[in-house]
Every structure is written in structure tokens, then in C-alpha cells.
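Data block below; observations after.
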Amino acid sequence: MSIASRQGVLFRRVLLLWWMSLLPLVAQTFTDITASANIGFSGGLGHLSTWIDYNQDGWPDIFASTINQNALYRNNGDGTFTDVIQNSGLTQELPNAVAVADYDKDGYPDLLIASNHVNQPVKIFRNRDGSGVFDLVFSGQVGVVRAIWLDYNGDGYLDIFCHLPEGYPLLYRHNPDGTFTEVAGGMGFHPNSGSTSTAADIDRDGLPEIFCAVYTAGNRLYYNWAGADFIDISLAAHVLDFRRAVSSTWADYDRDGDLDLYVANIGATRNLLYANNGDRTFTDVTMTAGVADVGDGRTSSWVDVDNDGWMDLFTTNHVNPNRLYRNNHDGTFTDIASMANIASPQDGFDVSWSDFDNDGDVDVLIAGHFAGGVALLRNEGGNQKNYLKIKLQGVFDSADGIGAEVALYAGGHRQVQQLHGGNGARGQNGLRLHFGVDTLTVVDSLVVYWPGGTIQRVMNIPTNQLLTVSQSGNVPPGWFHLQSPPDQTALADSVIHFTWTPAIDPDSGRAIAYELHLSGTHHDTLIAAIGDTTFALHVAHWDREDTLTWYVRASDGHDFRRSWETWSLYFSPVMTIGDPPEPHIRRIALEQNYPNPFNPTTNFRFQIAEFGFVELRIYDLMGRAVRTLIQEKLPPGRYEVQWDGTDEAGNPVAGGVYLYRLKAGNRWRQTRKMVLIR
0 MSIASRQGVL FRRVLLLWWM SLLPLVAQTF TDITASANIG FSGGLGHLST WIDYNQDGWP
60 DIFASTINQN ALYRNNGDGT FTDVIQNSGL TQELPNAVAV ADYDKDGYPD LLIASNHVNQ
120 PVKIFRNRDG SGVFDLVFSG QVGVVRAIWL DYNGDGYLDI FCHLPEGYPL LYRHNPDGTF
180 TEVAGGMGFH PNSGSTSTAA DIDRDGLPEI FCAVYTAGNR LYYNWAGADF IDISLAAHVL
240 DFRRAVSSTW ADYDRDGDLD LYVANIGATR NLLYANNGDR TFTDVTMTAG VADVGDGRTS
300 SWVDVDNDGW MDLFTTNHVN PNRLYRNNHD GTFTDIASMA NIASPQDGFD VSWSDFDNDG
360 DVDVLIAGHF AGGVALLRNE GGNQKNYLKI KLQGVFDSAD GIGAEVALYA GGHRQVQQLH
420 GGNGARGQNG LRLHFGVDTL TVVDSLVVYW PGGTIQRVMN IPTNQLLTVS QSGNVPPGWF
480 HLQSPPDQTA LADSVIHFTW TPAIDPDSGR AIAYELHLSG THHDTLIAAI GDTTFALHVA
540 HWDREDTLTW YVRASDGHDF RRSWETWSLY FSPVMTIGDP PEPHIRRIAL EQNYPNPFNP
600 TTNFRFQIAE FGFVELRIYD LMGRAVRTLI QEKLPPGRYE VQWDGTDEAG NPVAGGVYLY
660 RLKAGNRWRQ TRKMVLIR
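Residue numbering for the sequence shown follows numbering that gives the first Met the number 0, beginning at 0 and increasing consecutively.
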């Protein structure tokens with residue numbers, strides 16, 4: 000055999016081995032069955048498509064829309080669908096975004112619709128009885144372009160977060176009587192919060208945070224502060240970015256137990272993958288993970304397409320092909336879209352995944368600017384491995400379990416998923432959670448963390464089935480807040496009056512008992528069985544200065560709920576200028592001012608050990624003296640002085656960072672920072 004012949008044989012063998020190495024990557028492919036499934040539109044560009052089992056027969060149905068036509072497709076259970084939109088009450092809407100949930104807990108999923116018309120407000124269409132008829136039961140005041148479900152305050156009633164076309168956010172609180180009240184004002188939202196958002200519980204406290212993908216400015220991540228306020232932590236969390244974001248989606252792709260974030264951008268250089276560090280901060284791992292795409296995104300979603308137990312990533316693009324990034328189990332991904340026959344249709348605005356044919360793998364709906372407007376692609380090979388589908392039935396929390404977290408333990412590994420009331424740019428995945436478990440036939444345990452605090456465990460579950468988990472067990476008391484004394488208060492009284500807001504028992508209405516916990520260097524106190532939200536603690540016998548932390552626990556007789564805050568207070572028989580000296584001071588010390596940050600006043604406490612000259616002076620960051628508070632000889636003792644935020648002339652100084660320095664004697668110096676807020 001000639002050298003050329005041997006080289007040819009070697010090349011063919013290498014090529015064969017290369018193709019064989021790809022076989023595990025393309026074990027599943029997708030087939031466009033739109034036409035054979037009887038899905039078709041008369042024309043127009045597709046806007047949205049989502050799964051909704053409106054008749055609760057176990058076969059996911061479809062609500063979809065193009066620019067000039069809506070459709071409600073009933074799943075016939077044989078791979079085909081029948082359009083039943085005509086008498087549904089949904090024919091006249093102009094949807095731009097949609098979310099599905101049983102908001103009124105009657106057993107049937109309802110539709111939350113945001114319009115693509117600026118004069119059309121957010122609307123709720125209540126599923127009357129599963130017959131395919133929907134009634135308009137709520138309409139907001141102004142036009143919105145995106146809306147999602149979430150229970151932001153943990154009361155068990157689904158609320159609505161949505162966007163005005165110019166980016167201003169609205170938050171509708173769901174009241175127990177079925178009405179909604181707009182409460183976004185004063186909640187900490189930026190006026191430009193984009194036109195699309197998703198909610199996820201990033202720190203697993205039972206309350207969802209909100210991420211807003213912003214096209215015209217920086218993205219926003221709002222931390223949920225006890226269901227009472229939202230704090231913009233975008234910069235601190237390292238997710239503030241200006242790449243024209245259009246979509247976001249959450250999943251635990253690296254199986255470390257917390258949710259990671261993928262953001263699709265358009266007109267940019269790339270998309271963004273943020274790994275959750277577990278401390279409310281994120282790290283951009285896009286390039287090392289290999290999921291940058293080309294910055295031409297429309298929407299994105301996480302999904303385990305091959306049931307191997309690792310979340311894969313699907314992205315759609317404007318003029319570029321779709322990407323299906325298969326999870327390599329090592330923090331990296333491989334794009335298999337072309338080999339899996341899912342690189343098209345392109346320009347998909349909305350994507351929704353569900354196992355519509357109940358064969359054990361997830362299929363996908365795509366709506367976008369392509370011929371037909373809506374496409375259904377069936378997963379042909381994902382069911383070669385095993386799975387477990389979860390249907391949650393909430394009782395005290397939302398009926399579908401939106402906001403719940405499910406942890407699956409099998410084969411020595413853990414998977415975590417949360418059920419979200421909105422995903423990607425415009426829509427939502429099906430309401431059943433889908434776990435791939437590879438070749439395992441039994442799941443060791445399943446743990447459901449309901450948003451209200453209930454924890455349920457199911458053991459030894461056979462795979463390849465739909466498991467329904469109905470909420471049971473005790474729900475802990477609801478969130479509550481400390482009121483007084485305010486955080487970092489200094490006290491020298493013989494009685495300290497503590498107050499807090501009441502905690503509500505959501506499931507049984509039992510009386511709540513409280514425990515007051517105080518802990519310091521010299522004093523530790525626990526007061527139990529308090530039946531009210533106030534307590535007067537007598538401390539006349541306390542004869543030592545102390546810094547204490549305090550919190551309250553509420554109990555319904557079964558479970559506890561700790562107050563959202565843990566506050567501190569300073570206790571001392573404080574000495575002021577002119578008081579007689581206090582003996583036994585052995586060292587000089589300057590404490591941190593309190594409160595800090597402050598407006599308009601703050602307090603400084605210090606102690607000196609011997610008679611001598613003392614100076615306490617405030618400086619700006621340029622080192623210029625702003626105000627001298629003390630400049631005299633003092634005896635040993637503890638002292639406290641106050642600054643009202645003015646300079647030597649009595650004029651208010653600007654907000655910002657200032658320094659305060661204590662000089663005692665000829666050698667001792669100490670400087671600290673403080674922040675004045677104007």
C-alpha cells in the first residue's frame with residue numbers, strides 16, 4: 000500500500016472516530032411537526048406561544064399569537080391540536096407577552112396578558128371552568144408590554160410585575176379579596192427598568208428577586224427586602240451591564256444549589272452568563288463556558304433536552320441561527336443546534352418548553368418573524384434517558400407552586416429547580432417541572448421548599464412518571480419587622496421598650512407567641528412567651544456599657560419565623576462633657592459613629608484613660624477641616640457628642656464621605672469614615 004493510500008485510510012479512521020465522538024451530543028434531534036399537528040396561522044409575524052393545560056386533562060394545550068391572529072389549541076392527545084379560540088373570549092386581544100397561573104386557586108390556569116399596543120393595559124383572563132372560555136376579570140390603568148406572575152410579599156397570592164413601554168415598572172399587589180392594588184411607587188424601582196423581566200429567589204429566603212433586562216440603559220437586579228421594598232443591587236451583584244439586553248432566564252446549570260442567570264443581548268458583541276456565587280453576587284463566566292453566542296439575541300431558556308440531569312441552554316437570534324448549548328457537566332457547553340435540527344426557525348421572539356406528547360422529553364414552541372409565525376418542534380430522542388416530572392399543588396402558597404424550589408437527590412447528586420411565573424423575553428415554560436435523571440430508575444428523595452416556609456419530602460420515587468405533590472404540613476408564621484428601638488440606637492434608660500410588627504399565621508390562625516433575643520459582651524437575655532408585639536425590658540441593674548444585637552422569633556406552636564432584621568443597640572450610662580470622671584478606664588478608644596449612614600445628625604462615642612488634651616475634628620476627603628467638635632482638656636471617662644451635619648459657620652455640608660479623627664495627648668490618633676446622606 001502506498002504512503003498516500005495509508006494516509007487516506009488513516010484520515011477516514013480519524014474522521015469516523017470524530018463522528019462517533021459526536022454521537023452522545025446528538026442523541027436527540029428535533030422535528031418540525033407544525034403542519035402535521037394542525038397548527039397554522041393565516042399569516043403575520045409571531046409574537047408569543049405558551050403551554051397552558053386549560054382543561055386540566057394532563058395534555059398541555061397552546062395559547063399563541065401572531066400580529067393579527069390569536070389561537071387556543073386544544074391538545075387532542077394524539078399529536079394533533081384543534082383551535083378552539085372562537086368562543087374563548089380571547090379573539091380581540093393583541094398580546095405581546097403572556098404568563099400562565101391559577102391565580103384564583105380554583106383549579107384552572109388563567110392567562111395574564113400584556114399587549115403590544117400602548118393603549119392596552121395588563122389584563123387577567125380567568126379560566127371559567129376548563130371549557131375553553133376565559134372571562135376578563137382585571138384590567139390595569141395603563142398600557143404595558145411585559146407582565147409576569149410572582150408572590151413578592153409571600154402572602155400566598157400571586158402578584159403582577161409589568162413594564163410600561165418607556166420602561167417604568169408597575170407592581171400590582173394581589174389582595175385577599177381578589178382585587179389588585181398598584182404599589183410600585185416608593186418601592187425602589189428605577190424609572191427605566193426595561194421592557195422585560197424575570198423573577199427568581201436568588202438567596203433562597205422564599206421571596207423572589209426581580210431582574211430587568213434593559214435595552215436602553217443598564218440592567219437592574221432588585222433585591223426583595225422582606226416583601227416590603229426592593230433594593231437595586233445591580234452594581235454590588237456585578238450584573239450591571241449596558242449591552243442592550245432583551246431577555247433573561249434562570250437555572251442552576253452547574254448544580255451547586257443556587258440559580259445562575261443568562262442574559263440575551265441584541266446589537267452587542269455577546270450574551271452574558273452569570274454564575275451565582277451564593278452571596279448575592281455573580282461572576283461573568285460567559286467566555287469560559289462557551290455560551291457567548293453573537294449578541295444578536297431574541298430570547299433564551301434553560302432546559303434539559305436530553306434528560307442527562309444537566310440544564311442545557313437554548314437561544315434564538317435575530318438574523319443568526321439558534322443555538323442549543325449542550326451542558327458538558329464541567330462548566331462548559333457545546334453548540335449542537337445544527338446537528339439537532341433546531342438551528343431554525345430563526346428570529347424567534349418567544350420560546351416555551353413542555354412535554355406536550357407525554358413521551359418523557361421536552362418539546363418546544365417557537366413564535367417569531369418567520370413563515371407561519373409559530374412552530375412546534377418535537378424532541379425525538381431525549382426520552383432515551385429517564386425523567387421525573389413534578390406537578391405542584393399549593394394550598395397556602397400559590398396554587399401552581401410558583402416561587403417554590405424543588406431539590407431532587409439521586410445517584411449521589413442534587414438538582415435544583417424553581418418554578419417561575421415568567422421566562423425569557425415574553426413567555427413562560429409549562430407549569431410542570433421536568434427533571435432528567437439519566438439512567439437512574441429511582442429518585443432517592445425529593446424536597447419541596449414552598450415559598451411560605453413549608454418543607455415537604457418524598458422518598459424513593461420510581462422514575463418515568465408525573466408526580467403530583469400537594470402542599471401539606473404546617474406553614475410557619477409570616478414575615479414581620481422590628482420597629483423600635485431603631486437600629487444602632489444609643490440608650491441609657493432604665494427601661495428599654497421593644498416593638499415589632501405582628502406575624503400572621505397563614506394556615507390555621509393560631510395565636511402567635513414571640514421570643515425576644517438580646518446578645519452582647521456582658522448581657523445575654525431571652526424573653527419567651529410574649530403574647531404581644533411590645534415588651535418593656537427593665538435594665539436598671541445593668542451597670543456595664545455594652546453593644547447588643549437583638550431580634551425576635553415568632554412561633555405558631557410548631558415552627559418559628561425570625562424577624563427579617565437583626566438590629567443593634569448601644570447601652571451605657573453615658574457621660575457628657577462636664578460630668579464627673581468615671582474610674583477604671585484603661586485604654587483610649589474611638590467607636591464607629593451611629594447611625595451611619597446618617598441624616599441629619601450622628602453621634603460619636605469615645606473614651607480616654609487619663610487627663611489630657613482631646614480634639615475631635617471632622618474632615619472632608621481632601622483633608623480640609625470641616626468642624627471641630629471638641630478641643631479641650633478632659634478627665635478620664637466615656638464621652639458622647641453629636642454632629643448636626645454643619646460646618647463651623649453653621650451651614651449644612653454636602654452629602655458624601657467624611658472622616659472624623661480623635662487626638663488624645665501627644666501621640667494617640669484614630670480616624671474613621673462616615674457617610675452623610677442628603
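Using N, Cα and C, we set each Cβ at its ideal position, and we do this for glycine too.
Quiz item: If you compare alpha carbons, which of A96, L111, G411 is closest to D103?
Solution: Nearest option by C-alpha distance: L111.
Quiz item: Ends of the beta strand (DSSP E) at A679?
Solution: Outside the displayed range of the chain (0 to 677) lies residue 679, so it cannot be described from this structure.
Quiz item: Where are the beta strand (DSSP E) runs, 3 residues long or more, that stay fully inside the stretch 122-210, in chain order?
Solution: Segments of the beta strand (DSSP E) lying fully in the stretch 122-210: 133-142, 145-149, 158-162, 168-173, 179-181, 195-199.
Quiz prompt | Residue of A274, D257, P344 minimising C-alpha distance to H368 | solution = Closest option to H368, judged by alpha-carbon separation, among A274, D257, P344: P344.
Quiz prompt | Residues near A225 by beta carbon distance below 6 Å, same chain, minus five either side | solution = For A225, where only same-chain residues beyond five positions count, the Cβ hits under 6 Å are W478, W563.
Self-check item: Stretch-stretch touch, CB-based, cutoff 8 Å, three pairs: the stretch 244-259 with the stretch 410-418
Solution: yes
Practice problem: Might you give, ordered along the chain, the residues of its own chain that have their beta carbon closer than 6 Å to the beta carbon of F610, omitting 5 neighbours on each side? | Solution: P634
Quiz item: Between the beta-carbon of I66 and the beta-carbon of L44, is there less than 9 Å?
Solution: yes
Practice problem: Compute the beta-carbon to beta-carbon distance between Y618 and R660, rounded to the nearest angstrom, for a pair I have assumed lies under 8 Å. | Solution: 7 Å
Self-check item: 6 Å CB neighbourhood of D578 in its chain, flanking five on each side removed
Solution: Per-residue confidence for D578 stands at a pLDDT of 49, beneath the threshold of 50, marking its modelled position as unreliable; the derived number appears in the next sentence. Excluding residues within five positions, none has a Cβ falling inside 6 Å.
Quiz prompt | 6 Å Cβ shell around H537 - same chain, five flanking residues per side excluded | solution = V494
Quiz prompt | Cβ distance (whole Å) where N316 is taken to contact D295 below 8 Å | solution = Taking 8 Å as the upper bound for CB-CB distance, N316 and D295 are in contact here, some 4 Å apart.
Practice problem: Within 10 angstroms of the Cβ of G556, are there 16 or more other Cβ atoms? Answer buried if so, exposed if not. | Solution: By the neighbour-count rule (16 or more Cβ atoms within 10 Å), G556 is not buried but exposed.
Exercise. For the stretch 419-433 and the stretch 132-142, state whether three or more C-beta atom pairs, one from each stretch, are separated by less than 8 Å.
Key: no
Quiz prompt | For R671 and G426, the rounded distance between their alpha carbons | solution = 51 Å
Quiz item: In this structure, does DSSP put G519 in helix, strand or coil?
Solution: strand
Quiz item: For the 8 Å Cβ check, are there 3 or more pairs between the stretch 627-646 and the stretch 598-616?
Solution: yes
Self-check item: Pick from K632, N357, G472, A502 that is closest to G78, judged by C-alpha positions
Solution: N357
Quiz item: When you compare each of D305, V468, A267, F570 to V293 by their alpha carbons, which one comes out closest?
Solution: A267
Quiz item: What residue range is occupied by the uninterrupted beta strand (DSSP E) comprising R297?
Solution: 296-302
Quiz prompt | Same chain only: Cβ atoms within 6 Å of G725, ignoring 5 sequence neighbours per side | solution = This structure leaves residue 725 out entirely; the chain is present only between 0 and 677.
Quiz prompt | Straight-line gap, D305 to M338 (C-alpha atoms, nearest Å) | solution = 14 Å
Quiz prompt | Residues bridged to A686 (per DSSP) | solution = A query on residue 686 cannot be resolved here, the shown segment of the chain reaching from 0 to 677 and no further.
Practice problem: Give the secondary structure of N276 by DSSP, where H, G and I count as helix, E and B as strand, and everything else as coil. | Solution: In the structure shown, N276 sits in coil (DSSP, three-state: anything other than H, G, I, E or B).
Exercise. Give me the Cα-Cα distance between G217 and F597, rounded to the nearest whole angstrom.
Key: 28 Å
Quiz item: Where DSSP assigns a beta bridge to P461, which residues make up the other side?
Solution: V441
Quiz item: Who are the near neighbours of T627 in its chain, counting only those whose CB is closer than 6 Å to its CB and skipping five residues on each side?
Solution: R616
Quiz prompt | Limits of the beta strand (DSSP E) - the one that W499 falls within | solution = 494-499
Quiz item: For L21, which residues from the same chain have a beta carbon less than 6 Å from its beta carbon, with the 5 sequence-adjacent residues on both sides left out?
Solution: Annotation note: pLDDT 46 at L21 (below 50); position unreliable, no value reported.
Self-check item: Under 9 Å between C-beta atoms of V144 and H173
Solution: no
Practice problem: Indicate whether the contact test is met: 3 or more Cβ pairs, each with one atom in the stretch 193-207 and one in the stretch 257-275, closer than 8 Å. | Solution: yes
Self-check item: For Y593, the nearest candidate out of N118, P485, T453 (CA to CA)
Solution: P485
Quiz item: Is the stretch 325-334 in contact with the stretch 446-455, if contact means three or more CB pairs nearer than 8 Å?
Solution: Contact fails: fewer than three Cβ-Cβ distances are below 8 Å.
Quiz prompt | Which listed residue (A663, L272, V652) has its alpha carbon closest to that of V674 | solution = V652
Practice problem: Please report how far the alpha carbon of G142 lies from the alpha carbon of P94, in whole angstroms. | Solution: 11 Å
Practice problem: Given a cut-off of 9 Å, decide if N69 and I84 are closer than it, judged by their beta-carbon atoms. | Solution: Taking 9 Å as the Cβ cut-off, I84 and N69 qualify as a contacting pair.
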